[in-house]
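Student: The numbering used here puts the first residue of the sequence shown at 30, with every later residue one more than the last. Please find one structure pasted underneath; my questions will follow.
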Amino acid sequence: MLALLLALAAGGVAAFLARRSGSSRPPRTPRQASAGAPRAEASPPLGPHDEPVPILMYHVIAAPIAGTPYPDLYLPKGEFAAEIAWLSAHGYHAVTLRRVYDYWHGAAALPRRPVVLSFDDGYRSHYTNALPVLRARGWPGVLNLKVKNLEQPWGPLPKHVRALLAAGWELDAHTITHPDLTTLDDDDLRREVAGSRQILLRRFDVPVDFFCYPSGRYDARVVAAVRAAGYLGATTTRYGLAAGSEPYTLKRVRVNGSDTIGGFALKVQAVTQR
Numbered sequence: 030m031l032a033l034l035l036a037l038a039a040g041g042v043a044a045f046l047a048r049r050s051g052s053s054r055p056p057r058t059p060r061q062a063s064a065g066a067p068r069a070e071a072s073p074p075l076g077p078h079d080e081p082v083p084i085l086m087y088h089v090i091a092a093p094i095a096g097t098p099y100p101d102l103y104l105p106k107g108e109f110a111a112e113i114a115w116l117s118a119h120g121y122h123a124v125t126l127r128r129v130y131d132y133w134h135g136a137a138a139l140p141r142r143p144v145v146l147s148f149d150d151g152y153r154s155h156y157t158n159a160l161p162v163l164r165a166r167g168w169p170g171v172l173n174l175k176v177k178n179l180e181q182p183w184g185p186l187p188k189h190v191r192a193l194l195a196a197g198w199e200l201d202a203h204t205i206t207h208p209d210l211t212t213l214d215d216d217d218l219r220r221e222v223a224g225s226r227q228i229l230l231r232r233f234d235v236p237v238d239f240f241c242y243p244s245g246r247y248d249a250r251v252v253a254a255v256r257a258a259g260y261l262g263a264t265t266t267r268y269g270l271a272a273g274s275e276p277y278t279l280k281r282v283r284v285n286g287s288d289t290i291g292g293f294a295l296k297v298q299a300v301t302q303r
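Encoded structure:
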């Protein structure tokens, strides 16, 4: 009888300690929502979270126009689809730049091989050609939108931008008129940098947290203007992996129409295996 009472008492203490231990666990930080993200990635990173991430830079997702002075900015839809298929087959998974930023700050998890797919300027083909390819895999893109392109016949309509956003894409600013920011006076610099963000915020009512330097042109004064406008970071045309230690000069990997799928694969492997 005495042995039974001792066993019951021990069990009660153990249950009390288990309840106490469970109630003292720190709450999990919710992960940033992202289209197509697998459920297994729900927990924030537990260890170091400062790994660099590749950001690919695309422009027009369509066959080049005859006589265009920049044919390498054009990539036919079929070749784009082949590149996305290659990324998927090799274990890559597209995420937004904001999700990468949150990962660097310990607030989100990333898939094993994250990649950011950025699309500069804003073209109708981002909606007609890039969106269907990415949506089939549940992948988001990042639209670096030049405001004036909303008024061009080859640019996206506002409803197209909203469709991209609904599919999980991120909207970032790429100025109003795409000037060389290093040549502007202070007022015009503020208008292009801070003004473009305010226009996109009002028009689309979504966060606009990152900036893209037109033609990769920036200096210390331009970076200061980007910071003052409230952006969390900015992308450049410098080659390499994007690192959290340099948020306002994030490197990217340019994808050219002349790369071919083999050249594209070599380019991605070269930068990610450094």
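Virtual Cβ for every residue (Gly too), placed ideally from N, Cα, C.
Taking C-beta to C-beta, are Gly-197 and Pro-169 nearer than 7 Å?
Tutor: For Gly-197 and Pro-169, yes; Cβs fall inside 7 Å.
Student: What's the gap between the Cα of Val-222 and the Cα of Gly-107?
Tutor: Roughly 34 Å between the two C-alpha positions.
Student: Between His-203, Thr-157, Asp-209, which lies nearest to Pro-185 when the distance is taken from Cα to Cα?
Tutor: The option with the nearest alpha carbon to Pro-185 is Thr-157.
Student: What separation, rounded to the nearest whole angstrom, lies between the Cα atoms of Val-284 and Leu-194?
Tutor: Each residue's Cα considered, the two are about 23 Å apart.
Student: Given a threshold of 16 other Cβ atoms within 10 Å of its Cβ, counted over all protein chains shown, does Leu-172 qualify as buried or as exposed?
Tutor: Buried.
Student: Going by the CB atoms, is the gap between Thr-204 and Pro-236 shorter than 7 Å?
Tutor: Contact flag unset, no.
Student: Mind checking His-119: buried by the 16 CB within 10 Å criterion, or exposed?
Tutor: The residue in question, His-119, is exposed, as its Cβ has fewer than 16 Cβ neighbours within 10 Å.
Student: Of the choices Ala-137, Thr-289, Tyr-268, Trp-115, whose alpha-carbon is the least far from that of Thr-125?
Tutor: Comparing Cα-Cα distances from Thr-125 to each of Ala-137, Thr-289, Tyr-268, Trp-115, the minimum goes to Ala-137.
Student: Between which two residues does the alpha helix (DSSP H) carrying Tyr-121 extend?
Tutor: From DSSP, Tyr-121 is part of no alpha helix (DSSP H) but of the beta strand (DSSP E) over 121-123.
Student: Please tell me whether, using a cut-off of 6 Å, the distance from the CB of Arg-232 to the nearest non-hydrogen atom of the ligand PLP is below it.
Tutor: With respect to the ligand PLP, the structure offers nothing, as it holds no ligand at all.
Student: Note down, one range per segment and in chain order, each beta strand (DSSP E) of at least 3 residues found wholly within the segment 109-151.
Tutor: As far as the segment 109-151 is concerned, its whole beta strand (DSSP E) runs of at least 3 residues are 121-123, 142-150.
Student: Look at Ala-16 and Ile-84 and say whether their C-beta atoms are less than 7 Å apart.
Tutor: Outside the modelled stretch of the chain, which goes from 30 to 303, sits residue 16, for which no answer is possible.
Student: Less than 8 Å between C-beta atoms, sequence neighbours within five positions excluded: which residues of the same chain meet that for Phe-109?
Tutor: Closer than 8 Å at the Cβ level, and outside the excluded window around Phe-109, lie Tyr-87, Ile-90, Asn-158, Ala-159, Val-162.
Student: Can you tell me whether Lys-175 is buried or exposed, with buried defined as 16 or more other CB within 10 angstroms of its CB?
Tutor: Classification for Lys-175: buried.
Student: Suppose only complete runs of 4+ residues qualify. What are the alpha helix (DSSP H) ranges in the segment 161-228, listed by chain order?
Tutor: Entirely contained in the segment 161-228, the alpha helix (DSSP H) runs reaching 4 residues are, in chain order, 187-195, 215-219.
Student: Give me the residue from Ala-192, Ser-274, Ser-225 with the minimum Cα distance to Asp-150.
Tutor: Ranking Ala-192, Ser-274, Ser-225 by Cα distance to Asp-150 puts Ser-225 first.
Student: So, are the CB atoms of Phe-240 and Ala-202 less than 7 Å apart?
Tutor: Yes, the pair counts as a contact, with Cβ atoms nearer than the cut-off.
Student: Would you report the Cα separation of Ala-192 and Arg-153, rounded to the nearest angstrom?
Tutor: Approximately 12 Å, taken between the alpha carbons.
Student: Span of the beta strand (DSSP E) holding Ile-84?
Tutor: Start and end: 84-87.
Student: Assign Tyr-99 to one of two classes, buried (16 or more other C-beta atoms within 10 Å of its C-beta) or exposed (fewer than that).
Tutor: Result: exposed.
Student: So which of Asp-79, His-189, His-122 has the shortest CA-CA distance to Arg-232?
Tutor: Closest option to Arg-232, Cα to Cα, is His-189.
Student: Measure from the alpha carbon of Arg-164 to the alpha carbon of each residue in Ala-114, Ala-254, Asp-216, then state which is nearest.
Tutor: Among Ala-114, Ala-254, Asp-216, the Cα nearest to that of Arg-164 belongs to Ala-114.
Student: From Glu-199 to Arg-127, what does the alpha carbon distance come to, in whole angstroms?
Tutor: Spanning the two alpha carbons is a distance of roughly 8 Å.
Student: Going by DSSP in three states, Ala-43 sits in which element: helix, strand or coil?
Tutor: Reliability of the predicted coordinates at Ala-43 is poor, the pLDDT of 40 falling under 50, and the value obtained from them is presented with this limitation in mind. DSSP places Ala-43 in helix when its eight states are reduced to three.
Student: So, are the CB atoms of Arg-267 and Leu-210 less than 7 Å apart?
Tutor: Their beta carbons are not under 7 Å apart, which means Arg-267 does not touch Leu-210 by this criterion.
Student: Taking only three categories from DSSP, how would you classify Ala-263?
Tutor: Strand at Ala-263.
Student: Which class does Leu-102 belong to by DSSP, given the choice of helix, strand or coil?
Tutor: DSSP places Leu-102 in helix when its eight states are reduced to three.
Student: Is it the case that the Cβ atoms of Gly-291 and Pro-276 are separated by a distance below 7 Å?
Tutor: Contact: no.
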